[in-house]
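Novice: Take 0 as the starting number for the sequence shown in numbering that gives the first Met the number 0 and just add one per residue.
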Amino acid sequence: MERHELDPRSITISEPRINDRIRVPEVRLIGPGGEQVGVVGTSVALKLAQDADLDLVEVAPDARPPVAKLMDYGKYKYESDMKAREARRNQANTVLKEIRFRLKIDNHDYETKKGHVVRFLEGGDKVKVMIMFRGREQSRPDAGVRLLTKLAEEVAHLGTVESMPKQDGRNMTMVLGPVRKKADAKAEQRKRANEVNSRRMTKSEARRAAAQDEGEDEAPASPVEPIESPAPSPVEAMPKPVVKPKPVAKPAAKPTATTAAKKPAAARPAAAKKPAVAKKPASTPEPKKAEEPAE
């Protein structure tokens with residue numbers, strides 16, 4: 000099985016060589032301020048970098064001899080990353096937005112949809128305006144052209160007509176392109192946002208300063224001086240006899256239903272017995288008289 004070896008010249012290095020990684024015998028040295036030092040040995044350049052507390056960075060490896068520069072490599076790498084990030088942020092692709100109209104659209108809906116077109120154009124995007132025909136409206140393409148032309152004239156300060164109105168089946172389309180690039184529009188939006196944030200910060204700082212001024216204007220309250228009491232007279236200074244209070248007799252507690260229930264049965268007064276009532280004798284039936292015989 001054959002083994003393929005890589006050619007060192009075909010390997011691309013993403014980061015430049017610095018300090019001891021530079022293996023060439025001599026380099027064309029550039030100072031930290033951009034001044035040309037000249038062609039010096041690599042060991043001499045490394046000694047200069049160590050004395051200045053900097054790094055020796057190979058900035059042009061393909062030159063003969065290679066070009067190296069004295070710099071702070073960490074700071075250089077950070078600035079390069081920030082520039083690349085800013086470039087990616089500004090590299091905005093234009094997007095084609097689409098908005099649809101009806102031929103018989105009322106004024107309110109027309110103004111609303113025109114506001115969307117204005118917003119898209121201000122953001123740096125293209126807008127594809129479409130009119131949808133229904134039924135017999137297909138026989139009136141001139142009305143659709145008039146509507147699209149009116150819209151293009153009203154937003155002419157923000158966009159230009161890139162594709163004139165053309166009918167395709169039941170639809171008629173027109174493409175509007177923005178006047179300024181999307182990167183400029185994004186930069187303008189960021190600028191406005193920064194201005195709004197700075198205004199908010201200024202207002203909050205003004206309120207804080209006003210609150211501090213009000214606190215300084217308030218005079219501190221004067222402390223209350225204690226009132227000195229007069230010295231007691233010799234009579235008042237004499238100790239007074241202690242009088243003990245007389246004990247107060249407590250009133251007898253009234254008997255309650257609970258205490259009455261707890262008393263023994265002997266202590267309770269005997270209830271007066273009612274006299275017995277003689278029972279009436281049962282009435283005896285009188286004997287029936289014998290019936291006299293009929294005469």
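Just so it is clear, CB atoms sit at the ideal spot from N, CA and C, and this is done for glycine as well.
Owing to the predicted nature of the structure, the values given are computational and were not obtained by experimental measurement.
#1: Buried or exposed for R27, going by 16 or more other Cβ atoms inside 10 Å?
#2: Spell out a yes or no on whether the segment 96 to 105 and the segment 49 to 63 are touching, meaning 3 or more CB-CB pairs, one atom from each, closer than 8 Å.
#3: Classify M163 as buried or exposed, calling it buried when 16 or more other Cβ atoms lie within 10 Å of its own Cβ.
#4: Grab me the residues of D54's own chain with a C-beta within less than 7 Å of its C-beta, minus the 5 sequence neighbours each way, in chain order.
#5: Using only the alpha-carbon positions, how far apart do E34 and A51 sit?
#6: So, under 8 Å CB-CB, K144 and A151 are touching, yes? Tell me the CB distance rounded to an integer number of Å.
#7: DSSP has V66 in a bridge; who is on the other side?
#8: So, helix, strand or coil for K297, using DSSP?
#9: Determine whether the beta carbon atoms of L175 and K125 lie at a separation below 8 Å.
#10: How far does the alpha helix (DSSP H) with E153 in it reach, from first residue to last?
#11: Can you pull the DSSP bridge partners for I130?
#12: Bridge partners for G40 per DSSP, in chain order?
#13: Identify, in the order they occur along the chain, each residue of the same chain with its Cβ nearer than 6 Å to the Cβ of A264, setting aside the five sequence neighbours on each side.
#14: Could you check the C-alpha separation between V195 and V56 for me, to the nearest Å?
#15: I'd like to know whether the C-beta atoms of V128 and L157 end up nearer to each other than 8 Å.
#16: For L95, which beta-bridge partners are listed by DSSP?
#17: Would you mind sorting V38 into buried or exposed? The rule is 16 or more other CB atoms within 10 Å of its CB.
#18: Go ahead and pull the three-state DSSP assignment for V116.
#19: By alpha-carbon positions, which one of P31, V154 and R20 ends up nearest to S42?
#20: Nearest CA to the CA of V36: which residue from K68, V23 and E14?
#21: Buried or exposed for A83, please, with buried defined as at least 16 other CB atoms from any protein chain shown within 10 angstroms of its CB.
#22: Who are the Cβ neighbours of A266 in its own chain at under 7 Å, not counting the five residues just before and after it?
#23: Please classify P339: is it buried, with 16 or more other beta-carbons within 10 angstroms of its beta-carbon, or exposed?
#24: Helix, strand or coil: how does DSSP classify D295 here?
#25: Could you check the C-alpha separation between A205 and A192 for me, to the nearest Å?
#26: For P140 and G134, I'd like the C-alpha separation in whole angstroms.
#27: Can you find a C-beta in chain D that's less than 8 Å from the C-beta of R198?
#28: Could you tell me the distance, in whole angstroms, from the CA atom of F132 to the CA atom of T172?
Specialist: Answer, in terms of the structure:
#1: Looking at its Cβ environment, which holds 16 or more other Cβ atoms inside 10 Å, R27 is buried.
#2: no
#3: Burial call: exposed.
#4: I17, N18, A48, M70, D71 and Y72
#5: 15 Å
#6: The sequence shown places Val at residue 144, not Lys. Contact flag wrong, Cβ pair sits at about 10 Å.
#7: For V66, which the question treats as bridged, DSSP gives the partners R27 and A59.
#8: This structure leaves residue 297 out entirely; the chain is present only between 0 and 294.
#9: yes
#10: P140 to E153
#11: F100 and M171
#12: Answer is E25.
#13: Only weak support exists for where A264 lies, its pLDDT of 49 falling under 50; the coordinates are left without a value.
#14: 42 Å
#15: no
#16: K125
#17: exposed
#18: Here V116 carries a helix assignment [DSSP, helix/strand/coil].
#19: R20
#20: K68
#21: exposed
#22: Confidence at A266 is low in this model, with a pLDDT of 49, below 50, so its placement is unreliable and the value that follows should be read with caution. Hits under 7 Å: none found.
#23: Nothing can be reported for residue 339: it is not among the residues displayed for the chain, which extend from 0 to 294.
#24: Past the edges of the chain, shown from 0 to 294, lies residue 295, and the structure says nothing about it.
#25: 20 Å
#26: 12 Å
#27: Looking at the structure shown, chain D is missing, and only one protein chain is on hand.
#28: 11 Å
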